[in-house]
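As numbered in our numbering, residues 18 to 259 make up the sequence shown, in order. The C-beta atom is built at its ideal place from N, Cα and C for all residues, glycine as well. Computed from a predicted structure; not experimentally measured.
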Amino acid sequence: MVPLSRILLIGLIVTLCGCPATKQARTVDKLGFLKDLYPIMTKGNEDAGESLLIYKNPKVATIPPNSYTKILLDPVLIFRGPESKMGGISQSETQMLADTFYALIYQELSKDYDMVDKPGASTLRVQVAVTHLEESWPMLDVVSNVPAPMNALAAGSVIKTIATGKPAFTGEAVIEAKVTDAQTGEVLRAMVDRRVGTKKLEAQSFNSWADVYESLRYWAENGRYHLCKARQIRTDCPKPRA
């Protein structure tokens, strides 16, 4: 019989494989922030790093390179619309996550653009809302990483992953965002996306908001990547770390 300690060690090695901390979910709910844009949004190209739902203004393809050099970043919203699913999360937690997301986005976009505090010429306005947050259950997450047949949770986790694309007990987040011309208000790009934890076991796995933070970090980096490509002034736009 294989010793329990060896089985646990094998499970630990498997989870420390360098896999991404989060992944794009299979589906996403539209929760109201971009309600006027939903009818014109289409499915994004996952292989190109696009969101689950996107809108690209055809006009963008005709805009001369480097036409926009500044960005006005609105405060990140925690959007609790009629269809919101964030009941039970405290005001202090949502404020912390909103502030963190704003800082992550600002940090990334400021690498390529001048950040401004009012509309003007050659300026993009970026508006972002978090429409759903779900923290992970750290202790159960650790238990369910032990390989089957050691516990029933492991089997249940595999079943749920196959059925929904989201591992059991991991966190998730949903955002909606749009980029507009800061002067005219014309929408140039919009997206709705959802990311979920992958059950990668590491020190931060014991933080119930670790999966959400990693999702926010990814979105900040991915936003910079796509705006960099649209700007058409460099060929080495940095791709986000999954």
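Identity of the residue in the options nearest residue i by Cα
i: residue 256; options: 237, 250 and 195; result: 237
i: residue 38; options: 248, 242 and 230; result: 230
i: residue 113; options: 233, 209 and 89; result: 233
i: residue 240; options: 97, 65, 138 and 213; result: 65
i: residue 202; options: 245, 188 and 140; result: 140
i: residue 143; options: 194, 227 and 56; result: 194
i: residue 137; options: 200, 41 and 244; result: 200
i: residue 128; options: 214, 87, 188 and 79; result: 87
i: residue 50; options: 109, 85, 75 and 97; result: 97
i: residue 151; options: 124, 188, 118 and 117; result: 188
i: residue 85; options: 246, 108 and 109; result: 246
i: residue 122; options: 75, 145 and 109; result: 145
With 16 other Cβ atoms within 10 Å as the buried cut-off, status of residue i
i: residue 58; result: buried
i: residue 44; result: exposed
i: residue 250; result: exposed
i: residue 73; result: buried
i: residue 131; result: exposed
i: residue 197; result: buried
i: residue 134; result: exposed
i: residue 244; result: buried
i: residue 41; result: buried
i: residue 68; result: buried
i: residue 227; result: buried
Beta-carbon proximity of residue i to residue j, cut-off 9 Å
i: residue 259; j: residue 71; result: no
i: residue 147; j: residue 111; result: yes
i: residue 248; j: residue 62; result: no
i: residue 126; j: residue 94; result: no
i: residue 92; j: residue 120; result: no
For residue i, the first and last residue of its enclosing alpha helix (DSSP H)
i: residue 125; result: 108-126
i: residue 235; result: 227-248
Boundaries of the beta strand (DSSP E) in which residue i is found, first to last residue
i: residue 39; result: 39-41
i: residue 200; result: Where residue 200 is concerned, there is no enclosing beta strand (DSSP E), given that its DSSP letter is neither H nor E.
i: residue 132; result: 131-133
i: residue 150; result: 140-151
i: residue 88; result: 87-90
i: residue 57; result: It is not in any beta strand (DSSP E) - residue 57 carries neither H nor E in the DSSP assignment.
i: residue 73; result: 70-73
Residue i at chain B interface by Cβ criterion, 9 Å
i: residue 231; result: Absent from the structure is chain B; it holds one protein chain and no more.
Whole-angstrom C-beta distance between residue j and residue i, which should lie under 8 Å
i: residue 209; j: residue 47; result: 6 Å
i: residue 212; j: residue 235; result: 6 Å
i: residue 149; j: residue 204; result: The Cβ separation is near 22 Å, so there is no contact.
Residue i: CB within 8 Å of a non-hydrogen atom of the ligand NAD
i: residue 51; result: As far as ligands go, the structure on display features none, and thus does not contain the ligand NAD.
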